[in-house]
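Novice: Input: one structure, supplied below.
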């Protein structure tokens, strides 16, 4: 039996790697959920109910983490003892900083012009950039280039924030 202290990967009997078979994850999650769902323990004692609730919570948290590529990468790095430093390490390569400025200017210009098409194009560009960088992140993690992977995670987090801002601008302009 798996312990509450085992990794998310161990909980679902999956290899601890970035590339993940999402179908296998979904299936393993459903299996664990059927075993630990609190409804199965409705007639049990308080201690068993509490344990079932802990396991169900643990399974939900593990599933949410492994389903999301950025959370999965961050978690995998944490298992390797690497803190991505999102809160205090904002250093980025100069080319990425320039790209950030271009995206920000694009948002400002399109929002000022109320140009939803330009924002849609920027959102598509950000999605493409995210896809390419996720592929690179997988390569970095699989080759144990952990510090470079941590920087890639920080960059992807920024891209997600910018994409969210673009989406909010589009929504604001369309209402």
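Numbering (my numbering), first residue to last: 5 to 179.
Heads up, the beta-carbon is just placed ideally off N, CA and C, and yes, glycines get one too.
What did DSSP end up calling residue 12 once you bin it into helix, strand or coil?
Specialist: Three-state DSSP puts residue 12 in a helix.
Novice: Do you know offhand how far residue 57's Cα is from residue 156's?
Specialist: Roughly 35 angstroms separates the two Cα atoms.
Novice: In whole angstroms, give me the CA-to-CA distance for residue 71 and residue 23.
Specialist: So the alpha carbons of these two residues sit roughly 11 angstroms apart.
Novice: Can you give the beta carbon distance from residue 126 to residue 66, rounded, assuming they're within the 8 angstroms contact cut?
Specialist: Rounded, the Cβ-Cβ distance is 34 angstroms, inconsistent with contact.
Novice: On the three-state DSSP scale, how would you describe residue 78?
Specialist: In the structure shown, residue 78 sits in a helix (DSSP, three-state: H, G or I).
Novice: Excluding five sequence neighbours on each side, which residues of the same chain lie with their C-beta closer than 7 angstroms to the C-beta of residue 144?
Specialist: Result list for residue 144: 152, 153 and 156, in chain order.
Novice: When we look at the beta-carbon of residue 12 and count the other beta-carbons within 10 Å, is it buried (16 or more) or exposed?
Specialist: By the neighbour-count rule (16 or more Cβ atoms within 10 Å), residue 12 is buried.
Novice: Return the CA-CA distance between residue 110 and residue 51, expressed in angstroms with no decimal places.
Specialist: About 56 angstroms.
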